[in-house]
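Some notes on the structure that comes next.
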Amino acid sequence: MSYQFKFEKILTIREREKEEASSAYNQSVTRFEEAAEKLYELLKRKEELEAYQADKMATGLSVQEIRHHQQFVGNLTKTIEHAQKMVQNARNSMVYFQEKMLEKNIEVKKFVKIKEKDHSNYLALEKAEEAKQMDDISLQQYMQHEKVGG
Numbered sequence: 001m002s003y004q005f006k007f008e009k010i011l012t013i014r015e016r017e018k019e020e021a022s023s024a025y026n027q028s029v030t031r032f033e034e035a036a037e038k039l040y041e042l043l044k045r046k047e048e049l050e051a052y053q054a055d056k057m058a059t060g061l062s063v064q065e066i067r068h069h070q071q072f073v074g075n076l077t078k079t080i081e082h083a084q085k086m087v088q089n090a091r092n093s094m095v096y097f098q099e100k101m102l103e104k105n106i107e108v109k110k111f112v113k114i115k116e117k118d119h120s121n122y123l124a125l126e127k128a129e130e131a132k133q134m135d136d137i138s139l140q141q142y143m144q145h146e147k148v149g150g
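And the structure:
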């Protein structure tokens, strides 16, 4: 008789859930990285624009050019604020999916431990049964030897 783990189907389901959670986490990491990269690019652009404006101020700008730059910087600032919210949302999502993935890993580990213990118990019972059969065979052989030699 071969070993059959009584919770094998549950373990298989939990392993699939673990893989799905891992995939969702990896996707959330990618989204976070993309959002953070976009924010970085916007901040870098704003910094370059402000440096350009400072250089232009030194050489002289018209009032209209100053207003135009201020309006552009204002719009860029709003875009940066939106990007910061997107990064924060992506970070929160990433943390959530990381927690879910860890929970699924723990569940799978619990079932693997149960399976290991169950398999050890199965092997011990099988070994005990084998020993009992060997004792029975030895006893039968001894009894037959006694009848013949007796």
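FYI, my numbering numbers position 142 of the sequence shown as 142, with every residue one higher than the one before it.
Backbone N, C-alpha and C fix where the C-beta goes; we use that ideal spot for every residue, glycine too.
For clarity, every value in this text was computed on a predicted model and none was experimentally measured.
The Cβ atoms of Val108 and Lys9 do not sit closer than 8 Å to each other.
A residue is called buried once 16 or more other Cβ atoms fall within 10 Å of its Cβ, and Val148, having fewer, is exposed. In the three-state DSSP reduction, Phe72 falls in the helix class (H, G or I). In this structure, the straight-line span from the alpha carbon of Arg14 to that of Lys104 is close to 7 Å. Distance from the CA atom of Lys38 to the CA atom of Lys115, rounded to whole angstroms, is 47 Å.
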